[in-house]
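Trainee: Each residue of the sequence shown is one higher than the last, beginning at 539 in this note's numbering.
Got a structure for you, questions after.
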Amino acid sequence: MWCNKCNIETNDSTCPLCGEVTVEDFPVEIYWCSNCRIPVIQVSVQADKGTCPLCKNKTRYMTADLRPVFPEERLLVELILQKKPHEYIEKSVWACNHRYYIDGKSIAISNSLYQTIDADKIVELLHQFQEGNSYEHFDNYLKTFVLANRDRLNYIIDEAHRFIRNAASKYPEERVVVSFSGGKDSTVTADLALKALSNPHLVHIFGDTTLEFPSTIEYARRFREAHPNAIFQIAKNDEQNFRDVCEDIGPPARMMRWCCSMFKTGPIARVINSLYRNQQILTFYGIRKSESASRSKYNRIEDSADAVKIQQQTVASPIFFWKDIDIWLYLIAENIDFNEAYRLGYDRVGCWCCPNNNRRAQFLSKIYMPEQSKKWRDFLVGFAKKIGKPDPEVYVDTGKWKARQGGNGLASANDVKIKFTNCTAEEYAKIYRLVRPFDDELVGMFVPFGRVAPELGKKLLREVIVLDHRTNVPILSLQPFNQDGYEYAVKVRTMNVAAHDDLQRMVGYQIRKFNACRKCLKCESLCRIGAITINNFGYYIDPQKCVHCKTCMTAKYLDGGCMMDKYLRTK
Ligand SMILES: [Zn+2]
């Protein structure tokens, strides 16, 4: 254990000096042994820091984290740097972000180089020289690397196994799940969980976003074959087409990744729902603290609503404190099959067109998925024209499309604007614009408020009354309405409440959902008890299941009552 405040190691869960809670997170650094030509992972407090455990020579500090560069990527780097093909074939090559280390000597490849390079030419050269490529030297370095870092490996495995057993001990065996994405982190997590729990029947949920690398689908197939006893569920949104949604509400951008709920967490929540109803489950995820700033503020075990995207699960990450180099050490030492994309040079594997991908990843996709890359670029350029960007190609090629916010220039942006008029005849009544006629789907949107009672309304007016679920007192009246300027409208009156405005705000949220829902599935994932389903017939809240917690109408959990408010809002 480690105290971050006093910088000391201890066996206790609290620091003996300051009393703060200690963590399993040792600050780790990468040193280089120029004699063995391999990186050595060293804990900054260890006594023999700066010495190679194999040859006892002096090591020197190199960097904070590192990944191996496989022969496929090494050849590509040689071509990019205009070196002789296979010039580095006998060298020990590693990388960290845009920096490559060749026998310990660092070379950076700048983003601008990726942009100016002729991808077609590189593809041609790769074909020409891949035959002479070999894993011989590479494999030898990896063997030495594993030998030199044995102690570190044993420590992280032991610690992860203890963590997994401890977390799982609080759940019945059948309610423990592994989230599998086909990336290296989830590969390691799945393997650790399998070994720590000695349960070959562990449930794996594979979220297939429909935007995966071909190698990810292929790897998932191999994984399944290698684990015939594991229960392997595929979570996939078959109902919607990514490109069609892009046409309608615009491509995802860094701040607007609507695709995450629509194609990943939503479908996973559906699978969890169908398997476990509303039981709380434990999911092992390959989330790592060092991966992003937003993740670093989460805990290793997390069940708070803003951290967990699917409400009925507690998320635990055995590899939370692991670095990239730990992941690779484990995969190599334990001889575990992994996604081929890493051999090509991708340092993360997710949706191939993700706005979070860096320049290097985009460049790699140009090389290895040329057709899809071109189609995607053409779409982006067309989209840029549609929303009135003066320099569409520059907008796309410089990556400005990734910084897009809101729905400027999109026809669909009109759907999220809540337009209403205060009723002149009645107090506390508002007339809301609808984008289509008043119907049962709209009435169903009011289930979270209480009991929906059409039989209590005035029949001729098609009025529906909603009763407070605790007191049975009428609190809302809805009726279809004709209003100048609105093609369709509903009149909503609040009654018998102290806070009319609070109630009307939530009404507005539900109207927005009715007008703007694009089936992003966020609401489905948000509902703790699985009362919300979004299908071909529309948005449905099951009155038998709904417990009126109002989470789906609370800004804290769902700003504006609908994710589309964020994605389509205009200034
Ligand atoms: Zn050495």
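From the three backbone atoms N, C-alpha and C, an ideal C-beta is built for every residue, glycine too.
Please write down, chain order preserved, every residue whose beta carbon lies under 6 Å from a heavy atom of ligand 1.
Mentor: CYS571, ASN573, CYS574, CYS590, LEU592, CYS593 and ASN595
Trainee: If you reduce the DSSP assignment to three classes, tell me which class GLU840 lands in.
Mentor: For this step, residue 840 is matched to residue 302 along the sequence shown. Of the three classes helix, strand and coil, the one that applies to GLU840 here is strand, per DSSP.
Trainee: Quick one: measure Cβ to Cβ for ARG1050 and ASP1006, integer angstroms, because I've assumed they're closer than 8 Å.
Mentor: Locating residue 1050 in the sequence shown gives position 512, where the first residue counts as 1. Locating residue 1006 in the sequence shown gives position 468, where the first residue counts as 1. In this structure ARG1050 does not touch ASP1006 by the C-beta definition: roughly 22 Å separates them, more than the 8 Å allowed.
Trainee: Considering only residues of the segment 758-828, which uninterrupted alpha helix (DSSP H) runs meet the minimum length of 4 residues and lie entirely inside it, listed in chain order?
Mentor: Qualifying alpha helix (DSSP H) stretches, in chain order: 780-787 and 804-814.
Trainee: Check this for me: beta carbons of VAL715 and ALA706, under 8 Å apart or not?
Mentor: Translated into positions along the sequence shown, residue 715 becomes position 177. Translated into positions along the sequence shown, residue 706 becomes position 168. Cβ atoms of VAL715 and ALA706: not closer than 8 Å.
Trainee: Tell me which residues share the same chain as LEU994 and place their Cβ nearer than 6 Å to its Cβ, disregarding the 5 neighbours each side in the sequence.
Mentor: Locating residue 994 in the sequence shown gives position 456, where the first residue counts as 1. Here the set comprises ILE1003.
Trainee: Can you find at least 3 beta carbon pairs, one from the segment 854-871 and one from the segment 748-763, that sit closer than 8 Å?
Mentor: no
Trainee: Are ILE870 and ILE568 close, meaning C-beta to C-beta below 8 Å?
Mentor: Indexing the sequence shown from 1 puts residue 870 at position 332. Indexing the sequence shown from 1 puts residue 568 at position 30. In this structure, ILE568 does not lie closer than 8 Å to ILE870 by Cβ.
Trainee: Which first and last residues belong to the alpha helix (DSSP H) in which ALA854 is found?
Mentor: Your numbering for residue 854 matches position 316 in the sequence shown. ALA854: not part of any alpha helix (DSSP H); member of the beta strand (DSSP E) spanning 851-854, first to last residue.
Trainee: Skipping 5 residues on each side, what residues in its chain have a beta carbon closer than 6 Å to that of PHE1052?
Mentor: The residue given as residue 1052 occupies position 514 in the sequence shown. Closer than 6 Å at Cβ, skipping near neighbours: LEU980 and MET983.
Trainee: Would DSSP call ILE874 helix, strand or coil?
Mentor: As a first step, residue 874 must be located in the sequence shown, where it is residue number 336. Of the three classes helix, strand and coil, the one that applies to ILE874 here is coil, per DSSP.
Trainee: Need the endpoints of the beta strand (DSSP E) that VAL990 sits in, please.
Mentor: Within the sequence shown, numbered from 1, the residue matching residue 990 stands at position 452. Unbroken beta strand (DSSP E) run through VAL990: 988-991.
Trainee: Is ARG1031 helix, strand or coil by DSSP?
Mentor: For the purposes of this step, residue 1031 is taken as the residue at position 493 of the sequence shown. Residue state, collapsed to three classes: strand.
Trainee: Helix, strand or coil for ASN960, going by three-state DSSP, please let me know.
Mentor: Along the sequence shown, one-based indexing puts residue 960 at 422. In this structure, ASN960 counts as strand in the three-state DSSP scheme.
Trainee: Tell me the DSSP secondary structure of TYR1077 in three-state form.
Mentor: The residue you call residue 1077 lines up with position 539 of the sequence shown. Strand at TYR1077.
Trainee: May I have the straight-line CA-CA distance separating GLU1062 from CYS784, to the nearest angstrom?
Mentor: Here the question's residue 1062 lines up with position 524 in the sequence shown. Here the question's residue 784 lines up with position 246 in the sequence shown. Using only the alpha carbons, I get a separation of about 21 Å.
Trainee: Can you grab the Cα-Cα spacing for the pair GLN778 / CYS1100, in whole Å?
Mentor: Counting from 1 along the sequence shown, the entry for residue 778 is found at position 240. Counting from 1 along the sequence shown, the entry for residue 1100 is found at position 562. For GLN778 and CYS1100, the distance between alpha carbons rounds to 18 Å.
Trainee: Would you say ILE969 and PHE976 are within 8 Å of each other, going by their C-beta atoms?
Mentor: Counting from one through the sequence shown, the residue named residue 969 turns up at place 431. Counting from one through the sequence shown, the residue named residue 976 turns up at place 438. Cβ atoms of ILE969 and PHE976: not closer than 8 Å.
Trainee: Report buried or exposed for SER717, applying the criterion of at least 16 other Cβ atoms within 10 angstroms of its Cβ.
Mentor: Along the sequence shown, one-based indexing puts residue 717 at 179. When all chains shown are included, SER717 counts as buried.
Trainee: Let me make sure I understand the geometry here. Which of ALA686, ASN952, SER724 and GLU829 has the alpha-carbon closest to that of SER572?
Mentor: Here residue 572 refers to the residue found at position 34 of the sequence shown. Among ALA686, ASN952, SER724 and GLU829, the Cα nearest to that of SER572 belongs to ALA686.
Trainee: So, for GLU878: in the same chain, excluding its five sequence neighbours on each side, which residues have a beta-carbon less than 8 Å away from its beta-carbon?
Mentor: Looking up residue 878 in the sequence shown gives position 340. Cβ within range, chain order: SER753, GLU756 and TYR757.
Trainee: Between PHE876 and the rest of its own chain, which residues show a CB-CB distance below 8 Å, the 5 nearest in sequence each way excluded?
Mentor: Residue numbering aside, residue 876 sits at position 338 when the sequence shown is read from its first letter. Excluding sequence neighbours, PHE876 sits near LYS722, THR725, TYR757 and LEU869.
Trainee: Please name the residue in GLU1025, VAL1035 and LYS997 whose C-alpha comes closest to that of GLN1017.
Mentor: Within the sequence shown, the letter at position 479 stands for residue 1017. Of GLU1025, VAL1035 and LYS997, the residue nearest in Cα terms is LYS997.
Trainee: I need the boundaries of the beta strand (DSSP E) containing GLN1110, first residue and last residue.
Mentor: Residue 1110 falls outside the range modelled here, since the chain spans only 539 to 1109, and no answer is possible.
Trainee: Determine the DSSP secondary structure at THR589, reduced to helix, strand or coil.
Mentor: Position 51 of the sequence shown, counted from the start, is the residue given in the question as residue 589. In this structure, THR589 counts as strand in the three-state DSSP scheme.
Trainee: Quick check on MET793: buried or exposed, where buried means 16 or more other Cβ atoms within 10 Å of its Cβ?
Mentor: The residue you call residue 793 lines up with position 255 of the sequence shown. Its Cβ having fewer than 16 others within 10 Å, MET793 is exposed.
Trainee: How would you write the range of the alpha helix (DSSP H) that GLY745 sits in, first residue to last?
Mentor: Position 207 of the sequence shown, counting from 1, holds the residue named residue 745. Segment 741-745 is the beta strand (DSSP E) holding GLY745; no alpha helix (DSSP H) there.
Trainee: List, from N- to C-terminal side, the alpha helix (DSSP H) runs of 4 residues or more that fit wholly inside the segment 869-917.
Mentor: 879-882 and 897-906
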